[in-house]
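My numbering numbers the first residue of the sequence shown as 538 and each following residue consecutively. Where is the CB? At the ideal position from N, CA and C, for every residue including glycine. Source: prediction; values computed, not measured.
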Amino acid sequence: MFDYLTRQRQDRHVSTQKPHGCTCMTKHDRQALIHRDRMQTQEVVSCCHRQPLFRAAKKYICARSMSAVWQYFRLDQPASKTATCIICQAAISRGGTSISNFNTTNLIKHLKTRHPVEHDGYTKARTEKDEPRQTQQTLEASFKQREKFSQDSQRAIKITDRIIEFIVLDDQPLSVVENVGFRRLIEHLGPRYSLPGRKYISETALPKLYETVREHISCKLKDVRTISFTTDIWSCDSTPLSCQHTGWTHAVLQANEFRSSHTGKSIAESIEGMLVKWNISKSRVHVILHDNASNMKKAMDEMGVSSLGCFAHSLQLVVHEGLLSQRSVSDALANCRKIIGHFKHSPLATTRLEDIQKDLKMPTKRLQQDVATRWNSTFYMVESLLEQKRTISAYGADHDLPATLTANQWALLEKAVTVLAPFEEVTKQISSSTSSVAEVIPSVTVLKRLLARESQEDTGIKTMKTTLLEAVKKRFATIEEEPLYAVATLLDPHFKDRYFSSADNIKHAKDALTVEMEKTEKSTTVAETIAENPKKTPRMEVQVGGSSSRESSLKGLFEEILQEHDEEHGAGTTSTHFQLQTYMMEQTISRSDSPFQYWAVNRIFKNS
């Protein structure tokens, strides 16, 4: 048999004649050497299947057919100890002594070291060959994949939790789970998931989430020594009820219906109940911020806790008392509201106004209506009217308006916007999420200086500025004497003692801060000491990001006041005084830097 094979290999061609004693025909000629070798071996085995070497030849054929490396090698004989590389004609050892223990390790190494391109092809072919074949899915498995998740399955629980988070975080109504579009979306995203109904969401899922969040907040509150709160009561227009909101700095601790009368005693009982529910003692209450209503002030007195009124509400009263209450201004504002009401209640009038805006090549904008309890909304209303002065005049020439503004009233409104711009800027600043009570005294000081400063642009608005200045002084006359405001301002590295109006107020503020420091020093261990002669760190200029349609009217005033008070302070006699004086000697930080980050880096006392 092998003599026959040898003769056929030497001829280098595949014979087309029947071999002696063979009843089968050979295959057609092959140009590729590997195909030729494979066909010759198959021919021999077919013809000599009864020979003793049949089993070994069969193993040889199976081994070659299973390994992708054989497309780059050939064998002269099945029992040959070497294989010939068809690329470089090198003879490579097969790594064994007999046909039963031959392997392809050396062949693969040869490809890797001498023919990397072909080795990559071999690796790719082997990977594709090793990939598991896709088997047909059973009928039982197919039906199982179509079954709905059970309510207690982990997959269903996770999807339900995400839907609850969607409702809570995005203020969605509970009825969203009954909306057709939402149900179709969930069915498309998770065909095996069964969306629960509104009753399950409100009675089971939401209470469960509430308890989880409540436990998380309770753990955080345990490690807090003092807590600041904000509280407010408002009435709902759609339903005849009042709601009370009491919040910690980072979470709302209570928001419920307030059914009793809005007396100081009732409000105090409600807040005290909230403190008991969250296991917060009154000694841990640092301050409660509230509006300036008398019942709120009385409630705080009933509880015996420190409290402060809303600074933004105080600015609201200042603007109304100082400017908006003037007859000429109030008459002009009344006409403004009538004009805007005309466009708000008439779609046709709004369309005509937009057409005029397009004809004048002005941006299409709608007029803003003000809200009586938000003075800055009145400011935005007047601003929108002044911006659309040309379009409103053009509209009034062809169509009727319920009221018109005279030339004097237009001029008055322009002056009012100029005067109120600093108040609007301060209101936005102290209404931000990062604002603190430390900004109150500096803001009042800057407003008073700006209103008292005279310039050539004050023509026609001097009376307005004077009236507003008197209202600011009256409303905030004793603000620097309030220890909570004073100490907070001193401890804010933006301001320190630079914005107080008198030396006596600075002294009182420092005395109050010294008392607090001595209390802390008695209850904690000093962790760090301050260098005797610390170098002043240069103050960085504030980088204002973005562009604004109106330049800041307070720009430079904060820095101007800081430079006036940038001087050395006398040395203290005690450790507490020395620490305080050293802190005051340092430069204030940039307005863009965080005071909380400053104190995290420059912490003096442990656990402070």
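Start-to-end residues for the beta strand (DSSP E) that takes in residue i
i	result
Ser865	Note, Ser865: premise wrong, no beta strand (DSSP E); alpha helix (DSSP H) at 864-881.
Ala792	789-794
Thr767	764-772
Val824	822-827
Leu845	844-846
Ala620	619-622
Ser630	628-630
Neighbour-count burial assignment, residue i, 16 or more Cβ in a 10 Å radius
i	result
Trp771	exposed
Pro710	exposed
Pro744	exposed
Ala975	buried
Pro1030	buried
Arg587	Legend: pLDDT at Arg587 = 43, less than 50; position of this residue unreliable, value from coordinates given subsequently. That one is exposed.
Cys1146	Beyond the ends of the chain as shown, which are 538 and 1145, falls residue 1146; an answer cannot be given.
Asn913	buried
Val866	buried
Asp907	buried
Ala1040	exposed
Phe610	buried
Lys661	exposed
Gln1116	buried
Val810	Reading off the sequence shown, one finds Gly at residue 810, where the question assumed Val. Gly810 comes out exposed.
Val963	buried
Beta-carbon proximity list for residue i, same chain, < 8 Å, skipping 5 on both sides
i	result
Ile978	Ile1016, Glu1017, Tyr1022, Ala1023, Thr1026, Phe1032, Tyr1036, Phe1037
Gln894	Pro900, Thr901, Lys902, Gln925, Thr928
Ser617	Arg631
Arg986	Leu1094, Ile1098
His823	Thr763, Ile764, Ser765, Ser843
Glu715	Gly734, Arg735
Ser1131	Thr971
7 Å CB neighbourhood of residue i in its chain, flanking five on each side removed
i	result
Thr697	Pro733, Ala742
Phe719	Val713
Ser968	Ala849
Other residues of its chain near residue i: CB distance less than 6 Å, five sequence neighbours each side excluded
i	result
Asn643	Ile629, Ser630, Gly632
Lys754	Note on identity: in this sequence residue 754 is Ile, with Lys being the wrong assignment. The answer, listed in chain order, is Ala788.
Ala931	Ile893
Ser731	Lys685
Pro486	Because the chain spans 538 through 1145 in this model, residue 486 falls outside it and cannot be assessed.
Leu861	none
Arg821	Thr763, Ile764
Residue j beta carbon less than 7 Å from that of residue i
i	j	result
Lys1002	Leu988	yes
Val981	Phe960	no
Val954	Val855	no
His879	Ala871	no
Met1121	Asp1034	yes
Thr768	Ile825	yes
Leu746	Ile700	no
Thr1004	Met1054	no
Val705	Ile645	no
Leu950	Val919	yes
Run of the alpha helix (DSSP H) containing residue i, from where it starts to where it stops
i	result
Ile723	717-726
Glu482	In the structure as shown, the chain begins at 538 and stops at 1145. Residue 482 is therefore absent and cannot be evaluated.
Thr955	944-967
Val705	691-706
Glu809	801-814
Ala1151	This structure cannot speak to residue 1151, because the chain is shown only from 538 to 1145.
Cys756	743-759
Asp892	884-896
Ala678	676-682
Gln1118	1112-1122
Asp838	831-840
His647	642-651
Phe639	Looking at the DSSP string, Phe639 is not in any alpha helix (DSSP H), and its letter there is neither H nor E.
ask   = Is it a yes or a no for the region 642-659 touching the region 622-630, going by three-plus beta-carbon pairs under 8 Å?
value = yes
key: Stretch pair the region 798-812 + the region 827-838: three plus CB contacts closer than 8 Å   = yes
task = State whether the region 842-862 contacts the region 966-974, with contact taken as three or more CB pairs (one from each stretch) at a distance under 8 Å.
result = yes
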